[in-house]
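Residue numbers (my numbering): 30 to 309. The C-beta atom is built at its ideal place from N, Cα and C for all residues, glycine as well. Below is one structure, written out as structure tokens; the observations come after it.
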Ligand code: AMP
């Protein structure tokens, strides 16, 4: 695996790789890699013969009181894991300047009304930061394929919309959610939780599963959502939201919707926010 920390070097490496046949797949991450991230690389390898992973803790997507400073940074371990997956290139910028240079104008993207709903309601500006950095990575790397996890469903929908207008040549792939044995969706933020809290966190997935079952039994949607919220609170998981939407994240208000749907939930446990969803 070739590792680069500067943009200049990145361009040279990409130039070299462009001479090799096949497609290039990009897997953007913030590091602290777990099996969820690695599943994205495995999937990328099925779709493209060359893979590039980026590790960049993007300051633009963190709010003032969020965990930018304490976000887990585990560079050495990440590199080992990427080597094992036979990732071809790692771009791990030595500083933010390598992504957003001071001498260039940053194209700040606006995530629109969907960007202020669900997670965006709790994290104002978060999705503008996400879109701005992903657009920048697309500009710098110009991959053929880019892979994003379904765990961050709203992020993946917003990126899909952004790419459709700004980078229509890039194929986006949605990777399924990887979970621990007890059902908790893997996340770097799970590191903030104790064993006991992780056990409680499994109830978010349980709640999503129960809600799908209730919906399929044609129970009333408002009752399903009320029950879900009460269940989460009873397990010490403070709900930020728990909703049913269609697969493009439009609001569904009745329980006779025919197309693909998704229950999405976000809970806070001991100051750590966890998100999860089930599409059905
Ligand atoms: P992050 O490092 O948290 O920004 O995540 C980088 C990418 O990995 C995003 O596309 C995430 O959706 C994806 N990802 C994170 N956790 C999981 C998981 N448990 N399963 C599948 N993909 C994941």
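Item checked: Opening and closing residue of the alpha helix (DSSP H) in which residue 255 lies -> As a working note, residue 255 is residue 226 in the chain shown. According to the DSSP assignment, residue 255 belongs to the alpha helix (DSSP H) that extends over 250-263.
Notebook entry, point to check: Grouping DSSP H, G and I as helix and E and B as strand, with all else coil, what is residue 268?
Noted result: Working through the chain shown from its first residue, we reach residue 268 at position 239. Residue 268 carries a strand assignment under DSSP once its states are collapsed to helix, strand and coil.
Next item on the list: Tell me whether residue 211 sits in a helix, a strand or coil according to DSSP, three-state version.
Entry: Looking up residue 211 in the chain shown gives position 182. Three-state result, residue 211: coil.
Item checked: Rounded C-alpha distance that separates residue 306 from residue 51 -> In the chain shown, counting from the first residue as 1, residue 306 sits at position 277. In the chain shown, counting from the first residue as 1, residue 51 sits at position 22. The alpha-carbon atoms of residue 306 and residue 51 are separated by roughly 34 angstroms.
Checklist line | Boundaries of the beta strand (DSSP E) in which residue 120 is found, first to last residue | finding: Walking along the chain shown from the start, residue 120 turns up at place 91. Where residue 120 is concerned, the enclosing beta strand (DSSP E) starts and stops at 118-120.
Next item on the list: List the DSSP bridge partners of residue 56.
Entry: For the purposes of this step, residue 56 is taken as residue 27 along the chain shown, with counting starting at 1. For residue 56, which the question treats as bridged, DSSP gives the partners 82.
Item checked: Residues bridged to residue 65 [DSSP beta-bridge criterion] -> Locating residue 65 in the chain shown gives position 36, counting from the first residue. Beta-bridge pairing links residue 65 to no other residue.
Notebook entry, point to check: Does the distance from the CB of residue 303 to the CB of residue 257 come in under 7 angstroms?
Noted result: Taking the first residue of the chain shown as position 1, residue 303 is located at position 274. Taking the first residue of the chain shown as position 1, residue 257 is located at position 228. For residue 303 and residue 257, no; Cβs fall outside 7 angstroms.
Notebook entry, point to check: How far does the alpha helix (DSSP H) with residue 194 in it reach, from first residue to last?
Noted result: Locating residue 194 in the chain shown gives position 165, where the first residue counts as 1. First-last of the alpha helix (DSSP H) with residue 194: 182-195.
Notebook entry, point to check: Cα separation between residue 225 and residue 265?
Noted result: Numbered from its first residue, the chain shown carries residue 225 at position 196. Numbered from its first residue, the chain shown carries residue 265 at position 236. A straight line joining the alpha-carbon of residue 225 with that of residue 265 spans about 11 angstroms.
Notebook entry, point to check: Would residue 113 be called buried (16 or more neighbouring beta carbons within 10 Å of its own) or exposed?
Noted result: To locate residue 113, count along the chain shown from 1; it is residue 84. With a threshold of 16 other beta carbon atoms within 10 Å, residue 113 falls short and is exposed.
Note to self: Could you tell me the alpha carbon to alpha carbon distance between residue 200 and residue 247, rounded to whole angstroms?
What the structure shows: Indexing the chain shown from 1 puts residue 200 at position 171. Indexing the chain shown from 1 puts residue 247 at position 218. If you draw a straight line from the Cα of residue 200 to the Cα of residue 247, it is about 36 angstroms long.
Next item on the list: Return the chain-ordered list of same chain residues with a C-beta closer than 8 angstroms to the C-beta of residue 232, the five sequence neighbours on each side being excluded.
Entry: Mapped onto the chain shown, residue 232 falls at position 203. In the same chain as residue 232, and ignoring 5 residues on each side of it, the C-beta atoms closer than 8 angstroms to its own belong to 260, 261, 264, 266, in chain order.
Next item on the list: Output the distance between the C-alpha atoms of residue 11 and residue 290, rounded to the nearest integer angstrom.
Entry: The requested residue 11 does not occur in the structure, where the chain is confined to residues 30 to 309.
Note to self: According to DSSP, simplified to helix, strand and coil, what is residue 295?
What the structure shows: The residue labelled residue 295 in the question sits at position 266 within the chain shown. Three-state DSSP puts residue 295 in a strand.
Notebook entry, point to check: If you draw a straight line from the C-alpha of residue 236 to the C-alpha of residue 82, how long is it?
Noted result: The residue you call residue 236 lines up with position 207 of the chain shown. The residue you call residue 82 lines up with position 53 of the chain shown. So the two alpha carbons sit approximately 33 angstroms from each other.
Check: residue 193: buried (16+ other C-beta within 10 angstroms of its C-beta) or exposed?
Finding: Walking along the chain shown from the start, residue 193 turns up at place 164. Under this definition residue 193 is an exposed residue.
Next item on the list: Spell out a yes or no on whether the segment 39-46 and the segment 103-113 are touching, meaning 3 or more CB-CB pairs, one atom from each, closer than 8 angstroms.
Entry: Contact fails: fewer than three Cβ-Cβ distances are below 8 angstroms.
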